[in-house]
Amino acid sequence: MKILPLFIAFLLLPLSMVYGQTNTDTVDDLENRLKSEEFNVGLLLQSVGVLSLDDDNFNGGRQFELGATRLDIKGQLPSNFIYRMQLDFRRSPSIIDAQVGYWFSDQFRIVTGMFKPFLSADLDPSPAATDFINRARLVGSMLNSRELGITALGETEGFNYRFGIYNGNGRQLGNDDNNFLYTARLGYQVNLEDNGTVDFGLNGAVNTSEGESVGNSGLFSAGDRTIYGAFVKYDSDTFFGTIEFLQTDFEVQGVDLDETITGFYATVGNNISEQSQLLARWDHLSYDVLGNDSNRMVLGWNYQATQLVSFQLNGLLQFNDGVDNQAGISGNLQFHF
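Quick look at the structure:
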């Protein structure tokens, strides 16, 4: 365990380099040049270090790696057409978002192309704005991060909706079986007297695609896979948090077996200053038939060092059913413009 103090020191070193720096007119000038309603350029760079306290592959093992490395170009034209292209240079092909749509009003707009399917509250935010370095495990185990299709969405008087039809096979650039993924989300936002907000949401989907991979679970669906869940989010100047449940039912392809994957997490956080947040999360994941049930506790510290540079430190402890428990540490130094 001699490596642990050195690893923590290495993760904290960037803070000494940026501590005390202040925002400059240069940043404001760049935003004026590169961020407008018609043409908005974003850049995200993440450098991540992970350490499993045992010499195993938990939490990615022991290594340094690139997090999200993205260029994002988007906008809304005077003609009300909207567009977005986002590249992640760790991937091949590098395109992860490619959207064209039309903004009829706040109450109704259409988006076509490749984008997130609106099936989990923890999948919604950019990796630049997630509570922890890694998203809740229910996201990766049940969902593709991108789908290719069309969505109608809008907001009115606190209510919001998203209805979509997709190929149902993730980032593949075609439909290999002429079946589709149908998705729906209904939500409502309540404004509180303390300037806080509470968001409620219901998600549901049916994926009729055959042979579709079920997230990163290693399982494949024989077709007609259902996904359903709900979430509640609270946000205020001082405290914030999210509770989300997601479940999927499907027949495993090639095996006479019906599987159910269940995910649940609860996050609480406190804005202890304008720059710092402290967070905690309980993350449950279980398989009805295959087992591999576990509960993960995550503690986090988020620090906004400058207008463009931030740092995250996470500690993880996972309680596994039937096998040894595991623990690890992660750090993420981020530049986001």
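According to mature numbering (1 follows the signal peptide of the UniProt record, and there is no 0), the sequence shown holds residues -20 to -1, 1 to 317 in order.
All residues carry an ideal CB built from backbone N, CA and C; glycine is no exception.
Since the structure is predicted, the reported quantities are computational estimates derived from the model, not experimental observations.
Please confirm whether residue i and residue j have their CB atoms less than 8 Å apart.
i	j	result
Gly311	Val28	yes
Leu118	Tyr146	no
Ser274	Thr242	no
Asn39	Val30	yes
Thr240	Asp268	yes
Gly221	Thr247	yes
Ala78	His316	no
Val21	Lys15	yes
Leu57	Glu18	yes
Gln255	Tyr214	no
Arg165	Arg142	yes
Leu24	Arg50	yes
I need the DSSP call for residue i, collapsed to helix, strand or coil.
i	result
Asn275	strand
Thr6	helix
Phe38	helix
Gly120	helix
Ala78	strand
Asn60	coil
Asn155	coil
Val99	Here residue 99 turns out to be Leu, not Val, going by the sequence shown. Coil at Leu99, not helix or strand.
Glu231	strand
Asn114	coil
Ser224	Reading off the sequence, residue 224 comes out as Glu, not Ser. Three-state result, Glu224: strand.
Glu18	coil
Arg70	coil
In angstroms, rounded to a whole number, what distance separates the CA positions of residue i and residue j?
i	j	result
Trp262	Asn187	28 Å
Ser216	Gly191	43 Å
Gln287	Asn155	42 Å
Asp102	Pro73	24 Å
residue 318	Ala48	One cannot answer for residue 318 here, as it falls past the ends of the chain, which runs -20 to 317.
Gly144	Ala132	6 Å
Thr218	Ile207	33 Å
Gln233	Val194	11 Å
Leu259	Gly249	4 Å
Leu313	Ile223	27 Å
Gly120	Ile62	28 Å
Asp238	Asp104	29 Å
Asn300	Ser32	15 Å
residue 328	Phe180	Nothing in the structure corresponds to residue 328, since the chain is present only between -20 and 317.
Arg71	Glu173	45 Å
Phe95	Arg64	9 Å
residue 328	Asp52	Outside the displayed span of the chain (-20 to 317) sits residue 328, for which this structure offers no information.
Val178	Ile76	30 Å
Tyr168	Asn196	30 Å
Glu135	Leu296	37 Å
residue 392	Val278	Coverage of the chain is limited to positions -20 through 317, which leaves residue 392 absent and any answer about it impossible.
Ile90	Gly198	33 Å
Ala202	Glu231	6 Å
Leu67	Val80	15 Å
Asp5	Ile252	27 Å
Under the assumption that residue i contacts residue j (Cβ atoms under 8 Å), give the Cβ distance between them as a whole number of angstroms.
i	j	result
Phe225	Phe200	The pair is not a contact, with the Cβ atoms about 24 Å apart (cut-off 8 Å).
Gln257	Arg276	Gln257 to Arg276, Cβ: 19 Å. No contact.
Asn124	Gly150	4 Å
Asp34	Gln306	7 Å
Leu183	Ser100	The residue asked about is misnamed: residue 183 is Asn in this sequence, not Leu. Going by Cβ atoms, the distance from Asn183 to Ser100 rounds to 7 Å, so yes, they are a contact pair.
Gly138	Val170	7 Å
Phe112	Asn294	6 Å
How about residue i: is its C-beta nearer than 8 Å to some C-beta of chain B?
i	result
Asn20	Checking the listed chains, one finds no chain B in this structure; it contains a single protein chain.
Within the segment 235 to 310, note down every full beta strand (DSSP E) run reaching 3 residues or more, in order along the chain.
-> DSSP runs (the beta strand (DSSP E)) wholly in the segment 235 to 310: 238 to 251, 256 to 267, 271 to 284, 289 to 300.
Counting only runs that start and end within the segment 127 to 215, where is the alpha helix (DSSP H) found for 4 or more residues in a row?
-> The segment 127 to 215 contains no whole alpha helix (DSSP H) run of 4 or more residues.
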